[in-house]
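Keeping their order, the protein sequence lines are chains A, B, C and D. Here the numbering used here runs 1 ahead of the position in the first sequence, where the first position is 1. Here the numbering used here runs 1024 ahead of the position in the second sequence, where the first position is 1. Here the numbering used here runs 1142 ahead of the position in the third sequence, where the first position is 1. Here the numbering used here runs 2 ahead of the position in the fourth sequence, where the first position is 1. Note that beta-carbon positions come from the ideal geometry of N, C-alpha and C, so glycine has one too. Predicted model, so just to flag it, every value in this text is computed and none were measured. What follows is a short report on a single structure.
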Amino acid sequence: MTLELMPDIVLGTLLLLMAWGALYAPTRYDAMALFVAFGVVVALIWARLGAPDLALAEAAIGAGLTGVLLMQAARQLPAEVSVTGKRMPWFGSSLLFLVLTCAMFAAHILTDSSFKQAGIDTSATRLLGGPTVPEMVTAALPNSGVSYPVTAVLLNFRAWDTMLELLVLLLALTGVRQLYPGTPQHPRANTASSPQAWPVLLSWARFLAPLLVLLGGFLLWRGASGPGGAFQAGALLASAAVMLRLTGLLPPLRWSSFLLRLTVILGALLFLGVALASLAFGDGWLVYPTQWAGALIIVIELAATLSIAVTLSLLVIGESEDLAS
Amino acid sequence: MSTLFTWTSLLPVLIILSSLIPGLLIFATPEHARTRRTLLNMTGIVIKLILVALMLAGVSQGLTFRFEIPFLPSAPLVLHGDALSLQFIALSSILWLATTIYAIGYLEGSPLRSRFFGYFSLCVSATVGLALAGNLVTFLLFYELLTLSTFPLVVHRGTPAALKAGRVYLAYTLGGGTLLMMGVALLHSLVTTPDFTAGGYVLAQIEDSSLGLQIAFILMIAGLGVKAALVPLHSWLPQAMVAPAPVSALLHAVAVVKAGAFGIIRVVYDVYGVEASTLLALTQPLLWLAAVTMIYASIRALQQQDIKRRLAFSTVSQVSYITLGVALAGPIAAVGAIVHLVHQGLMKVTLFFCAGNFAETLGIHKVQEMDGLGQRMPWTMAAFSVGALGMIGVPPVAGFISKIYLGMGALEVGQPWVVLLLAGSALLNAAYFLPLLYRGWFGKPPADGWQKDNFKNHRFETHWMLLMPALFTALLSLLVGIFAGSILSPLGWSEFIVSREFAQ
Amino acid sequence: MTYALVSLSIPLLSALVLMLAGARLSKRNAGIMAILTSLLSLVAAWFCLLDVAAANQSILLNLGGWENGLAIRLRLSPLSSLLLLFAAFMHVLIGIYAGFSRQSVSRDFWTLSCVLHGSLAALWLSADLFNLYITLELLGLTAVAMVALAGKKAYKPASNYLILSLVASLFYLLGVALVYGRYGSLDVVLLGLQTQSDTTTRIALLVMTAGLMLKAALWPLHLWLPAAHANAPTAVSALLSGLVVKGPIFILWLLWSEVAPVDLAQQIGPVLAVAGMIALVAGGLSAMRSPYLKTLVAYSTVAQLGYAMMALGLLMTWQLPQMHVALWLFVIAHGLAKATLFLAAGEMQTTLGTKRVSGLRGATQTVPVAMFAFAVAGGSLIGLPPSGGFLAKWVLLEPMLSSPQNWPWAFGVLLGTLVSAAYIFRVVAISFDRARINPPDVRPDRLGHWLALLPALMVWGMALIGEWLIEFLSGGGV
Amino acid sequence: MTGLQLYLILGAAVFLLGLHALLMTTDSIRRLIAVNLMGAGIFLIMVALAGRISPPDPVLHALVVTGLVVAISATAFALRLITAAARIDSGQSAIPDKASRLASKTLSDVAEDSRP
């Protein structure tokens, strides 16, 4: 047992170490770096658990975009007042209680027979004696328009979730834009949007970015039949855009441009359009006609990828002059 | 829907609207548009009096006036004009007329009159609604609306003292309203909420849930007792004396205190019924409470040197006569109680008008300052004397009739000690009223003149709008006493009510 | 169901169009468009309500036409149709206020309010635990972005609010993960048939409840609310208190009335009910002490949600259908009343130039309409008849009083009433002070004041349809 | 113990670690990291649960993908908000009053007057 579990235990220990470090590292900068490392470990675990889509997504986000976000924030924030912040004394005892209860609950969950049963074999998850949801997915897959189950779930069976998720992204962007009201009064000459990048970084970016774009396209295309899909592709494209933007190779993305706004909302708009069209002319809300399902999903995915890519890059590196309308 | 639009069903609504709509219009009237405001007030009053007369005629012919809209499950909003409600409505409409005229004179030239008269009309609408309420839930509704519409009147002057009184008033009345609501809700959960029925409707449930019924009764009486100023829930009333005199008149004679007393009558007669209340052993404690209030408040009144405060404690004492009559649970006492609702109103409103006149004309607030008043203001002093003597129970003023009936009622149900109590109370009444009369008629006016003397060169001793209402109500108190034997007098009408109440 | 979907998609579509249009649409036109959107959605919701009233039962829709369990299901119950209507109405009202009164809002307010409207509609209709999670996140992020609209001073409260809101959603998500792990389903109706009271279910429900209580600012997890709601722009505060906190309550209600096994609900019910009682009193006392008007109103939300929590707790304990009615009547009455309170408070603040309660001296003369609206809406919060608050309280009281062992709960309601009366009349009494009047800085904005009065009148007008409402909500309300 | 159980425990541990840190720190960035860790813990639990069958449950994977998008959106927004809040001078009271506004006005007037 131990030998078999060795890699898991190593990964787990690493994970906990990184987590601990990310939370309690003495300086905020270290904490952020460790958080990025934590993301890498999580990506490895996803891969180990047979979730390559997630591994890809986590690598692009956790290690890439979140890292850039955190570094940017660190640059703008004033120094931390104390090492781990002020502690709230009155919280002490209640906190201890809380953590202890949680730990007890956790221990209980894991030893409870019902959960063990559910955790080891899935007989308990049959829906009133019928097939389990994964079995339903397998059965419905041929009619879904794609052959990869995760994509089928995301864009067909639970498409409504995905539609709302795209709205969440848009909303985050709208929220961020609130923080930069109006046009900037003092256009700064040497802003962060065009730093003096090192030559090495520049050449790396020149080399890496097209690769990322290619990879993104590949992932999108592959999403129909294997791991990959709109979100992973969008995240990779966003990473490429961020990299190019940070090295000054990409012109700024201006919210004031109609084309950019269109790209941002394209995914959600198309989705909603399809839903409304299917309600008005088809069999009902989000019911794709079977023969067109594949094509529809590809189109939606394409649009969603573009939207996700642009939205994420704006979220990560949008400066006040980019975001002002 | 057809029942909605017959005149018998619409009349109760119209009676309420006849003061509500003018009230709302008055709010929108600019401050300086004095004529428009007066016109609105007077139109409302005249329409209301006509409608009330119409209903009075209808009820005596045996017509029923009932309006219903759905509100809560098995507790609709019901407006219902029966003999008892008419007693109260007629009283409040007539006194509204007197008080409005008085208030127009009293507030002349002071700011925020549109607001004052707006709330004044709302207050009357709430009172009339309360009188017309056909079941407990409707009663509760208007009871709370009455609280809300009187609060702005109590704090009208906006001085720190007025605000303090207002806060006390709200604390008491909203607390009372909450208790009443709990009581009504509890009763509703036991027997639902049918219309008020002569003889009550809880008798069938008395076996199963006597405890619940008792608690509901206590809650409701406590809630109503606040407005009826039963000891120990009375202390808001003397404090509310800071309000302008017409408001005091309204609180004491027309609306608030009466609403409480009227509610007690309704609960005992038309919800529980005399039989059930007696079976549940509820009337005797109520009787004691009324007795204590009567004596305690009279003693407190003796100690007051401020005229209005003395009158306030006298109200506390006098209103408990109504409760006393109700608690005696006999037909004759019931007549006494119901007729006292009207008599006390007429007499007390007279007293407050006169007190207001003294204050407005000569700046007199204290008992000691009343010396020789009769020489400067004979008419007002005469009206005051009528009211005071009536309160003591001197014939032929109205108060005598109620006391006689209460005493006879007590003997009828075998509680002779109540007669002693009534006699004691009359003595106390005499003790705190006669000195006033003595000072007024026989005292010497202050040598250095009155501290202020308004309206000196008027045609009357004071502004005619202040004097006439007082004379009018004093005359009424005399007339209802003298013509008590007539069927159209309050006494005759009360006997009519009671004959239906104790019929079964 | 079609009407419901139309009512849901109109605001979403409008939000996208507004985003696309950007600066090309003038701020005023954006506002008009958003208001028209809400109005159209309101009309659709009205037809939807009529449909449901005619059918008198819940309608289920499997999205994408997939089978039960695989598809996300939407459910249109009488309650959700009523809530659709309510949300649309509030958006119309507050939209008009934001667009035409003197309080100006930034352009993005309109986008956000459309998204908020859409996400609320999605929430009322959803019957899928994970889908509810996303709507919850949408709701939370919109709310935070709207708080941030108030400008720089609101960034700090907004960021605290956001972190709390994220934590709350995560608690909920953990519960969802555990439920799916245990039962292999996310569908509320299917889960309701399956759940047993074992440890996993228990823990899942507990963490979800904790998360949702934090989101809904139910006592004792309410501490974030006053800062967030009091610092937002006036129109936003009204939306937040009137609508946003009701979303998590809806999910909480769904969980405990449908997903949770009955015996578990009966165990937890009294705890929630007691917490509700404490919330009523504690929130009320805080409101009574608050020196600032908007904070007072925000604390009153905490207190009033105590009623909702009490109704929910007792619903779980007694499993009585009236309690559904009481709960949702409270929610709707409170939403309307709170909209008035915040609008009136905002108007009075602007006119009188002070945020303090003590600055309201003489407000009955200087800002009569707004003050009257405040008092009228306050009457509903106290539960004076015949307001909507009274209706709700009445329905709540009835089963409490029906048997003597339940009477202690009625005492809680009594206490709550008195405390609410105390903090409402604290404001009202000050406003009658004529001795030391605080003069207004600017002339009162008539439209804003009268708009503030409108929902207050509506909440009192609920009396007219009281019996119908109670029947509608109890007929197939679940 | 199996690998799946190990990851379930790990997920719970990371969640609790995050929660603990969240309650213990006041620094916004660290709290945000803590929130992200909590999320990661939940995702770990979900993926571990998905791994109970072979091939892994696609529904849970899809949910995690959705959850990740939501998490990154919220994180980005929160970070921007935190930095924006930090930029603002924290000396300002959250609710300035008429009196204090007047006071500040007077102060600035004084400053105006005292200028040469």
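So what does DSSP say about Ser1043 of chain B, is it helix, strand or coil?
Three-state result, Ser1043 of chain B: helix.
Based on DSSP bridge pairs, tell me the residues matched to Ser1268 of chain C.
Beta-bridge annotation (DSSP): Ser1268 of chain C is paired with C:Leu1216.
Listed in chain order, which residues of the segment 1553-1573 of chain C have Cβ atoms closer than 7 Å to some Cβ of chain B?
Cβ contacts with chain B: Leu1556, Thr1559, Leu1560, Ala1563, Phe1567 and Ala1571.
Listed from N- to C-terminal order along the chain, which residues in the segment 163-180 of chain A have their beta-carbon within a distance smaller than 8 Å of any beta-carbon of chain C?
The residues in question are Leu165, Glu166, Leu168, Val169, Leu171, Leu172, Ala173, Thr175, Gly176, Arg178, Gln179 and Leu180.
Please report the distance separating the alpha-carbon of Ser1272 of chain B from that of Met1513 of chain C.
C-alpha separation (whole angstroms): 25 Å.
Could you pull out every unbroken alpha helix (DSSP H) segment of at least 4 residues lying fully inside the segment 1439-1518 of chain C, listed in chain order?
Unbroken alpha helix (DSSP H) runs of no fewer than 4 residues, entirely contained in the segment 1439-1518 of chain C, are found at 1464-1494 and 1505-1508, following chain order.
Check whether the Cβ atoms of Thr1202 of chain B and Leu1556 of chain C sit closer than 8 Å, and answer yes or no.
It is a contact, given that the beta carbons lie within the stated cut-off.
With a CB to CB cut of under 8 Å and the five nearest residues on each side skipped, what residues in its chain are close to Ala1296 of chain C?
Contacts found: Val1289, Ala1290, Asn1373 and Ala1374.
For Leu287 of chain A, go through chain C and note every residue whose CB falls closer than 7 Å to its CB, in chain order.
Neighbours of Leu287 of chain A across chain C, judged by C-beta separation under 7 Å: Leu1205 and Gly1206.
Alpha carbon to alpha carbon, what distance is there between Gly1504 of chain C and Pro1135 of chain B?
When the Cα atoms are used, Pro1135 of chain B and Gly1504 of chain C turn out to be separated by approximately 13 Å.
Is DSSP giving Asp1329 of chain C helix, strand or coil here?
Of the three classes helix, strand and coil, the one that applies to Asp1329 of chain C here is strand, per DSSP.
Is the Cβ-Cβ distance between Leu287 of chain A and Ala160 of chain A less than 8 Å?
At the C-beta level, Leu287 of chain A and Ala160 of chain A come within 8 Å of one another.
Can you find the residues in the same chain that come closer than 7 Å, C-beta to C-beta, to Thr1062 of chain B, ignoring five residues on each side of it along the sequence?
Within the same chain, Thr1062 of chain B has close Cβ partners Ile1128.
Give the secondary structure of Pro1540 of chain B by DSSP, where H, G and I count as helix, E and B as strand, and everything else as coil.
In the structure as shown, chain B starts at 1025 and stops at 1528, and residue 1540 of chain B therefore has no counterpart that could be examined.
Is the beta carbon of Met1405 of chain B closer than 8 Å to that of Arg988 of chain B?
Residue coverage of chain B in this structure runs from 1025 to 1528, which leaves residue 988 of chain B outside it and unanswerable.
Can a CB atom of chain A be found closer than 8 Å to the CB of Ile1214 of chain C?
Ile1214 of chain C counts as touching chain A.
Per DSSP, Leu1203 of chain C is paired with what?
Paired residues: C:Leu1216.
Can you look up Glu1209 of chain C in the DSSP assignment and give me helix, strand or coil?
It is coil, neither helix nor strand.
Ala1275 of chain C by DSSP, collapsed to three states: which one?
Reading the sequence as shown, one finds Tyr at residue 1275 of chain C and not Ala. Shown here, Tyr1275 of chain C sits in a helix according to DSSP, grouped into three states.
Give the interface partners of Gly257 of chain A over in chain C, defined as CB-CB distance under 9 Å, in chain order.
Note on identity: in this sequence residue 257 of chain A is Ser, with Gly being the wrong assignment. Simply Gly1164 and Ala1165.
Excluding sequence positions up to five away, which residues of its chain have a Cβ less than 6 Å from the Cβ of Gln1238 of chain B?
The answer, listed in chain order, is Leu1304.
Report the rounded CA-to-CA distance for Leu1503 of chain B versus Gly1153 of chain B, giving the unit in angstroms.
The straight-line gap from Cα to Cα measures roughly 28 Å.
Check whether Ala1358 of chain C and Ile1410 of chain C have beta carbons under 8 Å apart:
No; because the gap between Cβ atoms is not below 8 Å, this pair is not in contact.
Report yes or no: is there a C-beta of chain A within less than 8 Å of the C-beta of Val67 of chain D?
At least one CB atom of chain A sits nearer than 8 Å to the CB of Val67 of chain D.
Let me see if you follow: with CB-CB separation under 8 Å, is Met1025 of chain B close to chain C or not?
With a pLDDT of 41 at Met1025 of chain B, under the threshold of 50, the predicted position of this residue should be treated as unreliable, and no value is reported.
Which partner residues of Ala1157 of chain B appear in the DSSP bridge assignment?
Its beta-bridge partners are B:Leu1103.
Is Ala96 of chain D close to chain C, meaning its C-beta is less than 8 Å from at least one C-beta of that chain?
Because Ala96 of chain D sits at a pLDDT of 39, beneath the cut-off of 50, its placement in the model cannot be relied upon, and the point is left open.
Boundaries of the alpha helix (DSSP H) in which Tyr1196 of chain B is found, first to last residue
Per DSSP, the unbroken alpha helix (DSSP H) holding Tyr1196 of chain B starts and ends at Pro1184 to Val1215.
Cutoff 7 Å; reference Gly120 of chain A; Cβ partners in own chain excluding five residues on either side:
Residue placement at Gly120 of chain A is flagged as unreliable, the pLDDT there being 45, under the threshold of 50; the coordinate-derived value follows with that caveat. Same-chain partners within the cutoff: there are none.
Does the beta carbon of Leu19 of chain D come closer than 8 Å to any beta carbon on chain A?
Flagged as an interface residue toward chain A: Leu19 of chain D, by a C-beta distance shorter than 8 Å.
Sorted by chain position, which residues of the same chain lie with C-beta nearer than 8 Å to Thr1032 of chain B's C-beta, five sequence neighbours on each side aside?
Apart from the 5 residues on each side of it in sequence, Thr1032 of chain B sits with its Cβ closer than 8 Å to the Cβ of Gly1082, Leu1087, Thr1088, Phe1089 and Arg1090 in its chain, given in chain order.
Rounded C-alpha distance that separates His1415 of chain C from Tyr1449 of chain C:
Just to set this straight, residue 1415 of chain C is Ala in the shown sequence, not His. About 9 Å.
Once you ignore the five residues that flank Leu10 of chain D on each side, which residues in its own chain have a CB closer than 7 Å to its CB?
Result list for Leu10 of chain D: Ile47 and Ala50, in chain order.
Just curious, the alpha helix (DSSP H) that Glu1519 of chain B is in, first and last residue?
Unbroken alpha helix (DSSP H) run through Glu1519 of chain B: Pro1514 to Glu1525.
Quick check on the burial criterion: 16 or more other C-beta atoms within 10 angstroms. Buried or exposed for Arg189 of chain A?
Because the pLDDT at Arg189 of chain A is just 43, under 50, the model does not fix this residue reliably, and the point stays unresolved.
In angstroms with no decimal places, state the Cα-to-Cα distance between Gly1247 of chain B and Ala1285 of chain B.
Rounded to the nearest angstrom, the two C-alpha atoms are 11 Å apart.
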